[in-house]
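Novice: Got a structure for you, written out below as structure tokens; questions coming shortly.
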Amino acid sequence: MLNRYLDISTEVKEALEQGKPVVALESTIISHGMPYPQNVETAMNVEKLIRENGAVPATIAIIKGRLKAGLTAEEIDYLGRAGHAVPKASRRDLPVLVAKGSDGACTVTTTMMIAHMAGIQVFATGGIGGVHRGAETTMDISADLEELGQTPVMVVCAGAKSILDLGLTLEYLETKGVPVIGYGTNELPAFYTRKSGFGVDYELDTPEELAAAFHAERELGMKNGMLVTNPIPEKYSMDHKVIDKAIEQALAEAKAQGIHGKETTPFLLAKVKDLTGGDSLESNIQLVYNNAVLGAKTACALAALKG
């Protein structure tokens with residue numbers, strides 16, 4: 363049943379009604395993930411790449427209290443310019459933002475929720491949240507992991523951000539019954555780098571194999587999502603020693619400044635960008651493009667299976 367607070371764009375609605383492939387995209391990347399104007403340029407390029415690979419893009423956000431599946435270019439530009447003035451909207455924020463008629467940039471969690479509400483099964487993003495370092499005392503665990511355990515959407519990403527505790531993140535996903543698939547790799551990618559030292563559950567090598575696994579999960583009546591981890595292209599992969607050093611320094615500064623909760627990830631990513639001379643921003647943009655292409659190809663294979 364369609365939620366009465368949900369607006370699906372005409373293009374996305376027609377695609378869904380006709381069984382055409384659609385790929386959901388989050389909006390926190392636009393507002394909080396990158397500076398203006400690179401954020402808007404990246405968002406528009408991602409939509410273009412998805413179209414070039416045979417699918418329809420559906421960027422998801424909350425505008426004036428409405429849950430939007432499919433944004434206009436003007437709405438994307440608005441979010442990009444507003445930046446951090448737009449609240450990051452996770453599951454707990456939705457009722458208040460809707461009730462107040464406010465804007466919200468959708469995280470992985472809320473993008474999954476709204477995509478599922480709209481009937482979109484594939485979602486491409488940068489990286490997911492996870493278990494933060496030191497979570498055994500802080501209990502700082504991203505809502506993304508809970509959502510993956512309860513919402514049947516395939517999330518294509520470049521792994522979990524290496525600012526996190528990757529081992530505990532994988533343990534948490536296992537507890538929630540979420541399959542972690544490596545696309546062409548048996549090792550969990552760590553966002554800026556292709557390797558982490560941690561294994562994935564399964565390695566699959568084609569969009570058709572990914573689509574078949576997700577289709578089987580749906581046919582089995584399972585309620586959880588599926589995580590596809592797609593390594594950043596070799597050309598843009600960063601030296602793990604450089605990234606690790608920048609992350610350690612960023613974590614120390616966050617602790618010293620008392621940064622916590624939903625502000626942690628944007629602070630750490632911005633600090634890592636500064637410490638790497640902007641190299642991490644270029645890597646971030648390229649891995650998002652890479653995931654968009656794989657998301658589109660997988661959505662096309664899924665549509666063919668169901669057709």
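Here the sequence shown is numbered in my numbering, starting from 363 and rising by one per residue. For glycine and all other residues, C-beta sits at the position ideal for the given N, C-alpha and C. None of the values given here were measured: they were computed from a predicted structure.
Sorry if obvious, but does the Cβ on P595 come closer than 8 angstroms to a heavy atom of the ligand FAD?
Specialist: Only the bare structure without any ligand can be found here, which leaves the ligand FAD out of the picture.
Novice: For L387, tell me which candidate among H602, I438 and Q400 has the shortest Cα-Cα distance.
Specialist: Nearest of H602, I438 and Q400 to L387, Cα basis: I438.
Novice: Starting from the C-beta of N611, find all residues in its chain whose C-beta is less than 8 angstroms away, skip the five residues before and the five after it, and write them out in chain order.
Specialist: In the sequence as presented, Asn is not what sits at residue 611; that position holds Gln. Hits under 8 angstroms: K633 and L637.
Novice: Here's the rule I'm using: 16 or more other beta-carbon atoms within 10 Å means buried, otherwise exposed. How should Y564 be labelled?
Specialist: Answer is exposed; the Cβ neighbour count stays below 16.
Novice: From which residue to which residue does the beta strand (DSSP E) around G544 run?
Specialist: Element bounds for G544: V542 to Y545.
Novice: Could you give the distance in angstroms between the alpha-carbon of G559 and the alpha-carbon of A520?
Specialist: Distance between the alpha carbons of G559 and A520 is about 15 angstroms.
Novice: Put D506 into one of helix, strand or coil per three-state DSSP.
Specialist: D506: helix per DSSP, three-state reduction.
Novice: Would you call the CB atoms of A477 and V650 closer than 9 angstroms?
Specialist: Going by C-beta atoms, A477 is not nearer than 9 angstroms to V650.
Novice: Measuring alpha carbon to alpha carbon, tell me which of E533, L631 and E414 ends up nearest S645.
Specialist: Nearest C-alpha to S645: L631.
Novice: Please go through the same chain and pick out, in chain order, the residues whose beta-carbon is closer than 7 angstroms to the beta-carbon of G489, but skip the five residues on each side of it.
Specialist: Cβ within range, chain order: C519, A520, G521, A522, K523 and F553.
Novice: Give the range of the beta strand (DSSP E) segment to which K538 is assigned.
Specialist: Unbroken run through K538: none, as it is neither H nor E.
Novice: Here's the rule I'm using: 16 or more other beta-carbon atoms within 10 Å means buried, otherwise exposed. How should M363 be labelled?
Specialist: Only weak support exists for where M363 lies, its pLDDT of 45 falling under 50; the value from the coordinates is given anyway. Looking at its Cβ environment, which holds fewer than 16 other Cβ atoms inside 10 Å, M363 is exposed.
Novice: Rounded to the nearest angstrom, what separates M516 and R366 at their Cα positions?
Specialist: Computed Cα separation, rounded: 24 angstroms.
Novice: Kindly indicate which residue of K375, L456, P541 and L566 has the alpha-carbon position closest to the one of V579.
Specialist: Checking the sequence, you will find Glu at residue 579 rather than Val. The option with the nearest alpha carbon to E579 is P541.
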